[in-house]
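First the structure, in the form of structure tokens, and then the observations on it.
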Amino acid sequence: MPKALRSPIFMIVILSVCAAAILWFFLSRLPEEYSQKASLVPAANANTAPVYPELPDQWRGRVDYIDFDARIRTLMEDPAMAGLAVAVVEDGRLSFVHGYGVTDRTTGEKVTPTTVFRWASVSKGVAATLVADLVADGKLNWKTPIASYGTSLRLPDHAEHYLGLDAILSHRLGLPKNAYDGQLEGGKSPMLIRASLAGVNKQCAPGDCHSYQNVAYDTVSEIVRNATHASYAQQVKKRLFGPLGMTSASIGRDGLVGAESWAKPYNGSRQLDVSPNYYHVPAAAGVNSDIIDLAKWMQAQMGQAPRVLTPAELQTLHTPRIGTRRVYGNSEMGRALASPAYGLGWRSFVYDDESLVGHSGAVNGYRASVMFDPARRTGIVMLWNSQSARPFRLQLELFDMYRSRESRNWLQLKKVPQIAAAQDGVANAQSD
């Protein structure tokens, strides 16, 4: 070796270059909770909590959020409504978030962006996304027969021996709609119910039609546990909620009632008990979170967390696999959402000329909804603590405003919202 190459200065330079290369290698492979979170969470100042667009001077985008907010406040005058949390992502950016009404009619505690609600069946998209992640890791296979995973599920025609995971996640098991949900609500073990499903009258040949399920859908939680030797909740936190920075998100009743601020369930003015029954099928209806984390979840489904959810995985999840009935029946809204179909844990629609992806949820005293345009990375998430179906209509109002369409009054408001009062109301809420 030439003498110059043996000098201490040269060796120090070589070692520094090597150290820098090694540091770059490891930083580029940091867990997603460090590397990806910034794209999903609004910027925060040093030593302060993230700043969310909760007040009028923070709302931004092509939507007229002053008008949007006024319409929501008019909706909240409906006696059937208790509390509601709403967030909007426009062009990939969290542009609007606000809480309305109360978590508890007795105490008058107000809903805020950090109030925790139940997701109900919006949880189904979490199950499908987890399975897609495990398939990508080689721990599961879409076409391996369900029976190979040692589950309790038994189907008509012994279909568990030839149907795969995709049939569960797209509700193509041949069972009657919501098969044996009544037994679940009566307290019977989901595993015992699944073992008895072989004896039901088929709605169609297994694999041939869409028929919505809860108990059978939750077979996924068994499959995850058997394949990974960890609980479904542990895998969701490790692979999805943790990496996405969803700090309020949880699975199970304790995650709801143990939150600092959580919304009590209502039917009109009557407060309901938080039933544990649908928490016993966590893959179908087990998730809780605040509206901020539901917005992060939607952003991830829009493709904004590619190191957690790859484009290939999202395409697998969102691609329609089977046509369905109209989700909102033969109403004007149901007819407007054309070409209803189901992918894996996600529904799809066509509204005017735009393709939409989403899912809704309902359990006793709670409702939830996600709907977004994946091409424009624009959508809305909502959580509320009542039986009312009216907030579902707000979704189309948002898309009309974003596309500058003429208002169709989807909310069916009977009076013109007072925008000035709405602005005052936001200011007063902030000062409380």
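Position in the sequence shown (from 1) plus 22 gives the number in the working numbering.
The beta-carbon is built from N, C-alpha and C at its ideal position, and this holds for glycine as well.
Bear in mind that the values here come from a model prediction, so they are computed numbers and not experimental data.
Which class does residue i belong to by DSSP, given the choice of helix, strand or coil?
i    : result
W141 : coil
P101 : coil
R84  : coil
G15  : Residue 15 is absent from the model: the chain starts at 23 and stops at 454.
A363 : strand
N289 : strand
R95  : helix
R261 : helix
G356 : helix
F47  : Model confidence at F47 stands at a pLDDT of 46, short of 50, so the residue's coordinates are unreliable; what they give is reported in the following sentence. Three-state DSSP puts F47 in a helix.
L27  : Here L27 scores only 45 on pLDDT, less than 50, and its place in the model should not be relied on; the value that follows carries that caveat. Of the three classes helix, strand and coil, the one that applies to L27 here is helix, per DSSP.
G277 : helix
G204 : helix
G325 : helix
D89  : helix
H340 : helix
D295 : coil
H193 : coil
L316 : helix
Y300 : helix
A71  : coil
P198 : coil
E335 : helix
P78  : helix
Could you pull out every residue in the same chain whose Cβ sits closer than 6 Å to the Cβ of residue i, ignoring the five residues on either side in sequence?
i    : result
S370 : P342, A363 and V379
Y350 : G356
L156 : L162
V246 : Y254 and Q257
P304 : S243, Y254 and I273
N310 : V138, R140, S272, G277 and L278
S382 : S391
E112 : G83 and T400
G345 : A363
A411 : none
Please go through the same chain and pick out, in chain order, the residues whose beta-carbon is closer than 8 Å to the beta-carbon of residue i, but skip the five residues on each side of it.
i    : result
G130 : V124
P101 : G290 and S291
K437 : T96
S117 : P75, W81, R82, G83, V85, Y87, V110 and V111
Q415 : Per the sequence presented here, residue 415 reads as Arg, with Gln not at that position. Counting only Cβ-Cβ distances below 8 Å, and skipping sequence neighbours, we find M355, W432, L433 and Q434.
N248 : Y171, G172 and T173
V144 : V309, L316, H381, S382, G383, A390, S391 and V392
T250 : L156, K161 and Q257
H180 : A220
Excluding five sequence neighbours on each side, which residues of the same chain lie with their C-beta closer than 7 Å to the C-beta of residue i?
i    : result
E76  : V119, H120 and P135
P178 : G196, A220, V222, K224 and P228
A201 : L219, V222, Q235, V237 and A238
V133 : G105, L106, A107, G121, Y122, G123, V124, T125 and A285
M268 : S311, D315, K318 and W319
A169 : E182 and H183
S297 : N386
V358 : The question names Val, but residue 358 is Ala in the sequence shown. If we look at A358 and ignore the five residues flanking it on each side, its Cβ neighbours are Y373 and L418.
Below 8 Å on the Cβ atoms is my contact criterion, and I expect residue i with residue j to pass it. Report the Cβ-Cβ distance as a whole number of Å.
i    : j    : result
M423 : V108 : Not really, about 13 Å apart at Cβ, beyond 8 Å.
D312 : S377 : Not confirmed; about 28 Å, so no contact.
Y74  : I314 : 7 Å
A238 : L185 : Wrong, their Cβ atoms sit about 11 Å apart, outside the cutoff.
A285 : G105 : 5 Å
G387 : L294 : 4 Å
W368 : G147 : 5 Å
A384 : A142 : 5 Å
N299 : E207 : 5 Å
A252 : L191 : Actually they do not touch by this definition, with Cβ atoms about 20 Å apart.
H340 : G308 : At roughly 22 Å, the Cβ-Cβ gap does not stay under 8 Å, so H340 and G308 are not in contact.
A92  : P439 : 4 Å
M103 : S353 : M103 to S353, Cβ: 19 Å. No contact.
R127 : Y301 : Not a contact, Cβ separation roughly 23 Å.
Looking at the strands, I want to know which residues DSSP matches up with residue i.
i    : result
F371 : L378
S311 : F139
H120 : V108
S272 : N310
W284 : V138
G21  : In the structure displayed, the chain extends from 23 to 454; residue 21 sits before or after that span and is not available.
G114 : Its beta-bridge partners do not exist; DSSP assigns none.
G345 : A363
Report yes if the C-beta of residue i is less than 7 Å from at least one heavy atom of the ligand GTP; otherwise report no.
i    : result
I215 : The model on display carries no ligand, and the ligand GTP is accordingly not part of it.
Give the list of continuous alpha helix (DSSP H) stretches no shorter than 4 residues that lie fully inside the region 381-428.
Every unbroken stretch of the alpha helix (DSSP H) spanning 4 or more residues and falling wholly within the region 381-428 is given here in chain order: 416-424.
Those runs of the alpha helix (DSSP H) which lie wholly inside the region 207-258 and span at least 4 residues:
Runs of the alpha helix (DSSP H) lying entirely within the region 207-258, each at least 4 residues long, are 212-217, 241-250 and 254-258 in chain order.
In the region 139-183, which residue ranges form an unbroken alpha helix (DSSP H) of at least 4 residues, counting only runs that do not cross its ends?
Listed in chain order, they are 146-158.
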